[in-house]
Amino acid sequence: MLHRAGLNIVANGEFVDLHQDRFFMRTEFRAPGSDMPDSAGLIDDLRGEVPDADQLEIWRSGRRDLVLLATSEEHCLGDLLLRCHSGDLDARVRAVVSNRQGL
Numbered sequence: 007m008l009h010r011a012g013l014n015i016v017a018n019g020e021f022v023d024l025h026q027d028r029f030f031m032r033t034e035f036r037a038p039g040s041d042m043p044d045s046a047g048l049i050d051d052l053r054g055e056v057p058d059a060d061q062l063e064i065w066r067s068g069r070r071d072l073v074l075l076a077t078s079e080e081h082c083l084g085d086l087l088l089r090c091h092s093g094d095l096d097a098r099v100r101a102v103v104s105n106r107q108g109l
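Those letters in the sequence shown? Residues 7 to 109, per this note's numbering, in order.
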């Protein structure tokens with residue numbers, strides 16, 4: 007279905023929660039150039055291919071806003087802040103929340 011829409015799968019991840027009897031799948035796909043089809047139309051097409059009870063969402067790539075919850079391990083917070091600053095993590099840190107005075 008994605009191929010028919012001119013899309014290319016670049017990553018796929020699956021997980022089964024045996025306790026909840028649920029299957030999760032995350033698929034990352036791209037369109038050549040900026041030719042991404044309309045999300046609503048793509049979801050309608052996908053609904054014809056999966057069981058009715060399935061939940062489908064399409065999230066566009068791009069910079070996301072983050073609120074970081076920090077622990078006493080400052081290297082974890084530092085690593086995330088450096089990744090955001092360098093562009094390795096495409097996100098904007100809007101706030102850091104911690105119960106530690108020293109961070």
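All residues carry an ideal CB built from backbone N, CA and C; glycine is no exception.
V16 is a Cβ neighbour of R36, given a cutoff of 9 Å. Under the three-state reduction of DSSP output, R89 falls in the helix class.
For the options R100, I64, G84 and C90, the alpha carbon positioned closest to that of L8 is the one of I64. When beta bridges are read from the DSSP output, R70 appears opposite A97. The region 68-77 makes no contact with the region 45-60; the number of CB pairs closer than 8 Å stays below 3. Bounds of the alpha helix (DSSP H) holding I49 are S45 to R53. Counting of Cβ neighbours within 10 angstroms places L75 among the exposed residues, the total staying below 16. Taking C-beta atoms as the reference points, N18 and P38 fail to come closer than 9 Å.
Per DSSP, the unbroken beta strand (DSSP E) holding T33 starts and ends at R28 to R36.
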